[in-house]
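Asks: What follows is a structure written as structure tokens; I'll ask about it next.
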Amino acid sequence: MPIITEKQNNQKQVLTLNELSKRKVVEHNSLITSIAKMDKTPLKMFELAVSCIDTENPPKDNTVYLSKTDLFAFFKVSDNDKHSRFKQAVEKMQKQAFFQIKEEAGKGFKFKSIVPIPYVEWTDYHDEVKIEFHREIMPYLINLKKNFTQHALSDIAELNSKYSIILYRWLSMQYNQYEHYSVKGGRRAEQVEAYRNPSINMQELRTMTDTINEYKDFRNFEKRILKNSIEEITEHTSFNVAYDKIKKGRSIDSIVFHIEKKRQADDNSYKLEDQAYQADKKQKEETEKELVFQAMESKYTKLLSENFLIGMNDIMDTATMAGLQKNVYPLYDELKELRGLNGVKDHLSYVAIKQEAYSKRNVAKYLKKAIEQYLPTVKRQDLS
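Structural data, given as structure tokens:
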């Protein structure tokens with residue numbers, strides 16, 4: 001039986017499972033950053049129900065209808081015990097599941113605890129499931145003009161951890177803002193890039209994942225919350241995600257995530273030497289010497305040194321200097337053409353501030369990635 005939702009005129013609209021897989025979940029950012037006091041199954045069920053809301057024509061009685069058949073398919077449940085497990089999940093969702101929402105209000109904050117789905121109705125002889133949202137949750141799901149996030153329901157379906165879902169929603173919120181401001185403008189280039197490389201302090205991350213009193217040893221937190229979730233998100237969703245730990249003193253102070261939309265690409269495309277370069281050792285040595293000489297004469301080497309982005313060890317390393325001259329400095333020339341030398345200086349100042357958030361095992365690769373991410377934003381802003 002197909003999945004159905006209810007329009008304002010109370011006529012039920014038929015949706016096939018294939019159509020459902022293409023649906024989006026749209027939620028206010030306050031809901032994304034709230035504390036989801038629920039397990040994986042209720043959270044996924046909530047996301048599934050939200051995807052059935054027509055934000056332009058919301059149900060007047062806050063009700064959507066799902067098919068048990070397609071509900072089980074969404075959760076990939078096929079065993080004989082699925083009906084009793086569904087009943088248990090619904091009961092747990094209604095008795096234990098709620099969102100803790102924190103919003104700015106006047107000079108402080110307003111705190112709300114909302115049970116999102118207080119009423120679910122089904123029979124053992126019919127395939128239809130009626131799901132009614134709480135009236136207080138609806139403003140976070142409909143009539144959203146700003147500060148909202150849209151993500152793919154199909155991505156949520158593949159995630160098997162509560163923490164993966166929570167982090168995926170938050171990363172989607174950040175990347176949505178990156179895409180929005182990249183096109184619409186209204187933010188400095190550095191601010192736009194920060195949405196693609198968002199930082200969150202540990203206290204906020206623990207609050208959002210509801211782990212203030214759990215996994216207090218960071219090594220356990222990293223293994224169970226961070227690594228497992230990021231691996232699952234990267235494997236099953238439209239994002240490739242990595243992260244870096246930022247220390248303050250001896251403790252981990254914050255986490256910086258790096259988000260990329262998946263696309264066909266050669267992960268090994270960055271190489272200083274191409275095949276011809278490797279084939280002729282003498283030519284390679286001569287070419288490297290010339291590149292190093294040019295790098296030593298370049299104004300960009302001085303700027304990198306002044307910003308502490310390279311040190312004496314880097315300058316003495318011929319492969320590093322050749323890599324900078326061949327792969328990085330031409331991109332700085334492009335930026336100079338667009339924004340002048342001061343534009344290059346501003347970019348390097350920003351990279352110097354953020355440098356702890358990246359791996360610098362290969363400084364040329366690190367700087368190349370930074371300018372490659374920045375240049376498209378500059379070009380889009382110049383076109384707008």
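Per our numbering, the sequence shown starts with residue 1, numbered consecutively. Just so you know, even glycine gets a beta-carbon here, dropped at the ideal spot from N, CA and C.
I need the straight-line Cα distance from residue 416 to residue 245, nearest angstrom please.
Replies: This structure cannot settle anything about residue 416, because the visible part of the chain is limited to 1 through 384.
Asks: My guess is that residue 110 and residue 120 are in contact by the Cβ rule of under 8 Å, so how many angstroms apart are they, rounded?
Replies: Numbered from its first residue, the sequence shown carries residue 110 at position 110. Numbered from its first residue, the sequence shown carries residue 120 at position 120. Not really, about 28 Å apart at Cβ, beyond 8 Å.
Asks: In the DSSP assignment, what are the bridge partners of residue 57?
Replies: Along the sequence shown, one-based indexing puts residue 57 at 57. Its beta-bridge partners do not exist; DSSP assigns none.
Asks: Roughly how many whole angstroms lie between the Cα atoms of residue 64 and residue 320?
Replies: The count along the sequence shown starts at 1 and reaches residue 64 at position 64. The count along the sequence shown starts at 1 and reaches residue 320 at position 320. Their Cα atoms are separated by approximately 59 Å.
Asks: What span of residues does the beta strand (DSSP E) with residue 255 cover, start to end?
Replies: By 1-based counting over the sequence shown, the position of residue 255 is 255. Note, residue 255: beta strand (DSSP E), 251-261.
Asks: Suppose you measure from the CA of residue 349 to the CA of residue 307; what does that come to, to the nearest Å?
Replies: Here residue 349 refers to the residue found at position 349 when the sequence shown is read from its first residue. Here residue 307 refers to the residue found at position 307 when the sequence shown is read from its first residue. Approximately 7 Å, taken between the alpha carbons.
Asks: What does a CB cutoff of less than 7 Å around residue 192 pick up in its chain, not counting 5 residues either side in sequence?
Replies: In the sequence shown, the residue the question calls residue 192 occupies position 192. Correct list, in chain order: 178, 181, 182, 377.
Asks: Can you list, in chain order, the residues of its chain with a C-beta nearer than 6 Å to that of residue 389? Leave out the 5 residues immediately preceding and following it.
Replies: Residue 389 lies beyond the range of the chain shown here (1 to 384); nothing can be said about it.
Asks: For the alpha helix (DSSP H) containing residue 177, name the first residue and the last one.
Replies: Taking the sequence shown and counting its residues from 1, the one referred to as residue 177 is at position 177. Note, residue 177: alpha helix (DSSP H), 162-184.
Asks: Find the nearest neighbour of residue 262 within the set 285, 256, 234, judged by alpha-carbon distance.
Replies: As a first step, residue 262 is located in the sequence shown; it is residue number 262 there, counting from the start. The candidate whose alpha carbon is nearest that of residue 262 is 234.
Asks: Would you mind giving the Cβ-Cβ distance between residue 328 and residue 335, rounded to the nearest angstrom? I have them listed as a contact below 8 Å.
Replies: By one-based count along the sequence shown, residue 328 stands at place 328. By one-based count along the sequence shown, residue 335 stands at place 335. Not quite, the Cβ-Cβ distance comes to about 11 Å (not below 8 Å), so this is no contact.
Asks: Along the alpha helix (DSSP H) that carries residue 204, what are the first and last residues, could you check?
Replies: The residue given as residue 204 occupies position 204 in the sequence shown. Run containing residue 204: 202-208, per the alpha helix (DSSP H) assignment.
Asks: Considering only the alpha carbon of each residue, which of 68, 332, 168 lies closest to residue 371?
Replies: Sequence index remark: in the sequence shown, residue 371 carries index 371 (1-based). Of the listed residues, the one whose Cα sits closest to residue 371 is 332.
Asks: So who's on the other strand from residue 310, going by DSSP bridges?
Replies: By 1-based counting over the sequence shown, the position of residue 310 is 310. For residue 310, which the question treats as bridged, DSSP gives no partner whatsoever.
Asks: Could you give the residue range of the alpha helix (DSSP H) that holds residue 99?
Replies: The sequence position of residue 99 within the sequence shown is 99, counting from 1. It is not in any alpha helix (DSSP H) - residue 99 instead sits in the beta strand (DSSP E) that spans 98-105.
Asks: Restricting to Cα atoms, I'd like to know which of 190, 107, 207, 318 is closest to residue 290.
Replies: Numbered from 1 along the sequence shown, position 290 holds the residue referred to as residue 290. Checking every option, the nearest Cα to that of residue 290 belongs to 318.
Asks: Select from 354, 93, 70, 102 the residue whose C-alpha is nearest the C-alpha of residue 115.
Replies: Translated into the one-based positions of the sequence shown, residue 115 becomes position 115. Ranking the options by Cα distance to residue 115, first place goes to 93.
Asks: Does the distance from the C-beta atom of residue 24 to that of residue 203 stay below 7 Å?
Replies: As a first step, residue 24 must be located in the sequence shown, where it is residue number 24. As a first step, residue 203 must be located in the sequence shown, where it is residue number 203. Contact: no.
Asks: Contact between the region 48-62 and the region 134-143: three or more CB pairs below 8 Å?
Replies: Result yes; three or more Cβ-Cβ pairs closer than 8 Å.
Asks: Can you give the Cα-Cα distance for residue 298 and residue 100, rounded to whole angstroms?
Replies: Taking the sequence shown and counting its residues from 1, the one referred to as residue 298 is at position 298. Taking the sequence shown and counting its residues from 1, the one referred to as residue 100 is at position 100. Answer to the nearest angstrom: the Cα atoms are 55 Å apart.
Asks: In its own chain, which residues sit with a C-beta less than 7 Å from the C-beta of residue 374, not counting the 5 before and 5 after it?
Replies: The sequence position of residue 374 within the sequence shown is 374, counting from 1. Excluding residues within five positions, the ones whose Cβ falls inside 7 Å are 189, 193, 347.
Asks: Let me know the secondary structure DSSP gives residue 110 once reduced to three states.
Replies: Residue 110 sits at position 110 when you count from the first residue of the sequence shown. DSSP places residue 110 in strand when its eight states are reduced to three.
Asks: Locate the alpha helix (DSSP H) running through residue 220, then write down its first and last residues.
Replies: As a working note, residue 220 is residue 220 in the sequence shown. Residues 218-221.
Asks: Sorted by chain position, which residues of the same chain lie with C-beta nearer than 6 Å to residue 212's C-beta, five sequence neighbours on each side aside?
Replies: Taking the sequence shown and counting its residues from 1, the one referred to as residue 212 is at position 212. Answer for residue 212: 206, listed in chain order.
Asks: Given a threshold of 16 other Cβ atoms within 10 Å of its Cβ, counted over all protein chains shown, does residue 255 qualify as buried or as exposed?
Replies: Counting from one through the sequence shown, the residue named residue 255 turns up at place 255. Burial call: buried.
Asks: Any idea which residues DSSP pairs residue 239 with across the strands?
Replies: One-based indexing of the sequence shown puts residue 239 at position 239. Bridge partners of residue 239: 261.
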